[in-house]
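Asks:
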Ligand code: NAD
Ligand code: IPM
Ligand code: MN
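Numbering (full-length UniProt numbering), first residue to last: 2 to 356.
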């Protein structure tokens, strides 16, 4: 294709600041391959909800669906605002999109670039991929509360795990592991306590493993996995895990690979029935919003994943290389604005040969 038809949901807080840079970089990288970026902006987010009362309806979904991919900044407003209580926008917009567009793969690479600063004493060579389930688990909203607000309240949050949903995710994870040099896959769960779901995840991993004899498979309880992520992260290659464990592990993965400002992700519908959605792992960061303090690299690397997912592999490689080069060129302690970082990365695009 010679155009990329992109939906942009800049969102709230630092979302608009970081997506502005990601769009700049994506546009420039695609132009080097004679691909034109056509963008359509959507206003969804907490701010839009407070102004209009609208979150995301079926018409919005239909409109978003017409695009090749979605670039999302971040959503979420002031956590103390009672009008936003209960994650109304997170659930009504972000999770609604992941569910409606069947983004069952939440792909979150964790790579320690040579010049990024890890807080670990001995980080080693960190380069793993978290394949997080995106449409099931406790995120589906299957639960309820009775005797609400009383001392006798019972609040249930049911984790939904289907054999269909787990198997397609696990197979995707094995395929990813097969394409990587180390060919290792680790299932992370809590099957010593969450036995019903845990046993099913393990059984499905064992079954799918038979189709991939070249891959070395192991298992870790999620609590132990957090120890290894801090003490020996280079042991990981591909981690496959459920929606909630994956959420928590990927903030930790970000922290050990240079910080949340560098962590990219993709909400993928591998079949391409629906557009995939790319977003930084981080949120709207209300504490630094509007100050040009956010690092746009996570959003920019998410745009690289986006380009790669649509077959623009040269542009994707160029963006990643430019981010790498920018990290190497950054002096420690030098303050830059969000836009200055974006500009620096654009400037490095041409210098880097496409891989
Ligand atoms: P957060 O990721 O927004 O912020 C956590 C910490 O990381 C803050 O100190 C923040 O300043 C810092 N940080 C985040 N991104 C950064 C960047 N690019 N550069 C530098 N520092 C950065 O997490 P939170 O505070 O738990 O959540 C804030 C809001 O965002 C909530 O409403 C939450 O629901 C929402 N959220 C949205 C998404 C999303 O849209 N995908 C993801 C996570 C959280
Ligand atoms: C993320 C976020 C979301 C999640 C929230 C905002 C619903 O934390 O993308 O990691 O938990 O998936
Ligand atoms: Mn998260």
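Glycine is no exception: its CB is placed at the ideal position from the N, C-alpha and C atoms.
As the structure is a prediction and not an experimental result, all values here were calculated from the model.
(1) Taking C-beta to C-beta, are residue 72 and residue 31 nearer than 8 Å?
(2) How do the stretch 301-308 and the stretch 17-26 stand: do at least 3 beta-carbon pairs fall below 8 Å, yes or no?
(3) So what does residue 38 bridge to, in DSSP terms?
(4) Residues in its own chain within less than 8 Å of residue 342 by CB, not counting five upstream and five downstream?
(5) Could you give the distance in angstroms between the alpha-carbon of residue 78 and the alpha-carbon of residue 225?
(6) Span of the beta strand (DSSP E) holding residue 17?
(7) Helix, strand or coil: which one does DSSP assign to residue 356?
(8) For the ligand NAD, I want to know if residue 285 counts as a neighbour, meaning its beta carbon is within less than 7 Å of at least one of the ligand's heavy atoms.
(9) Please go through the same chain and pick out, in chain order, the residues whose beta-carbon is closer than 8 Å to the beta-carbon of residue 4, but skip the five residues on each side of it.
(10) Three-state secondary structure (DSSP) at residue 104?
(11) For the alpha helix (DSSP H) containing residue 82, name the first residue and the last one.
(12) So what does DSSP say about residue 139, is it helix, strand or coil?
(13) For residue 239, is the beta carbon positioned less than 7 Å from some heavy atom of the ligand NAD?
(14) Just checking residue 82 against the ligand NAD - is the residue's beta carbon closer than 7 Å to any of the ligand's heavy atoms?
(15) Out of 128, 253 and 157, point me to the one whose CA is closest to residue 113's CA.
(16) Between the stretch 236-244 and the stretch 76-94, do three or more beta carbon pairs fall short of 8 Å?
(17) Entirely within the stretch 186-228 and at least 4 residues each: give me those alpha helix (DSSP H) ranges in chain order.
Replies: By the coordinates alone:
(1) no
(2) yes
(3) 5
(4) 22, 296, 297, 298 and 327
(5) 33 Å
(6) No beta strand (DSSP E) contains residue 17, which is instead part of the alpha helix (DSSP H) from 16-32.
(7) Note that residue 356 scores 48 on pLDDT, short of 50, meaning its location in the model is unreliable and no value can be drawn from it.
(8) yes
(9) 36, 37, 38 and 39
(10) coil
(11) Element bounds for residue 82: n/a, residue is neither H nor E.
(12) helix
(13) no
(14) no
(15) 128
(16) no
(17) 196-210
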